[in-house]
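In terms of this note's numbering, the sequence shown opens at residue 11 and continues consecutively. We put the beta carbon where it would ideally sit given N, CA and C, even for glycine. To keep things clear, I will list the structure first and then write my remarks on it.
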Amino acid sequence: IGEGTYGMVYRAKCRRTGEYVAIKKIKILHEDDGVPSTALREISLLKDLDGHANVVRLHNVFSSRVYLHLVFECLDMDLRMYLKRYGPLRDAPLRSAAYQCFRGIEFCHSRRTMHRDLKPQNVLVDVRNMRLVLADFGLARAYSVPLKVYTHEVVTLWYRAPEILLGQRKYGPPMDIW
């Protein structure tokens, strides 16, 4: 299907249910190091965010000696691909798409999670139902109050909030809204 922040993503069909799933395959670099901390963080945050219609569902996690596999619900395409294929959203579909994205972001923030990499490629679309979900939580972080120092090397350059571009190292959920 594509490439996420920390691994390749494949489409597969579940033998038991017949449903398609998306599998993110993350290489475990060194046997002694175990599972990468970024993958553990993503799994932990997604488990906490489970059950919201506008956040991608993590169905299962399994590992081999060399790879960690995250099994997600599979949607048709990302928002960038959708817009290229079908053109811009207008009127009611645009309002619905924006509302769904805002609901997903609000839910993440209510669970004290910043996505930190929101862009069209990280919003997945179920074309038939026009359901949008936030995906790729590889850069996401749980946050606390008062805010602590985070790296500014987050978010694809073209989607970075002004405070991050200006070098601010303490930031919070508003950076997801930009």
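>> Can you give me the C-alpha to C-alpha distance between Val31 and Arg95, rounded to a whole angstrom?
In response: Here the C-alpha atom of Val31 lies approximately 22 Å from the C-alpha atom of Arg95.
> Who pairs with Tyr92 in a beta bridge, going by DSSP?
Replying inline: Paired residue(s): none; Tyr92 is not in a bridge.
> So who's on the other strand from Thr166, going by DSSP bridges?
Replying inline: Residue pairing by DSSP leaves Thr166 without any beta bridge partner.
>> Please identify the residue among Leu50, Met18, His62 and Gly17 whose C-alpha is closest to the C-alpha of Arg121.
In response: Of the candidates Leu50, Met18, His62 and Gly17, the one whose C-alpha sits nearest the C-alpha of Arg121 is His62.
> What span of residues does the alpha helix (DSSP H) with His119 cover, start to end?
Replying inline: Boundaries of the alpha helix (DSSP H) harbouring His119: Asp101 to Ser120, taken from the DSSP string.
> Which residues bound the beta strand (DSSP E) around Ser54?
Replying inline: Ser54: not part of any beta strand (DSSP E); member of the alpha helix (DSSP H) spanning Ser47 to Asp58, first to last residue.
> How close, in whole Å, do the beta carbons of Arg51 and Asp60 come, if the pair is a contact with beta carbons under 8 Å?
Replying inline: The Cβ separation is near 15 Å, so there is no contact.
> How many Å lie between Gln178 and Ala171 at the Cα?
Replying inline: The C-alpha of Ala171 is placed about 10 Å away from the C-alpha of Gln178.
> Taking three-plus beta-carbon pairs below 8 Å as touching, is the region 108–115 in contact with the region 81–88?
Replying inline: Too few Cβ pairs lie closer than 8 Å, so no.
>> Using only the alpha-carbon positions, how far apart do Met140 and His69 sit?
In response: Rounded to whole angstroms, the separation of the alpha carbons of His69 and Met140 is 21 Å.
> So what does Ile33 bridge to, in DSSP terms?
Replying inline: Answer by DSSP bridge pairing, in chain order: Tyr20 and Val81.
> Quick one, which of Lys37, Gln131 and Ile187 has its alpha-carbon nearest Glu116's?
Replying inline: Scanning Lys37, Gln131 and Ile187 for the CA closest to the CA of Glu116 turns up Ile187.
> What span of residues does the alpha helix (DSSP H) with Asp186 cover, start to end?
Replying inline: Residues Pro184 to Ile187.
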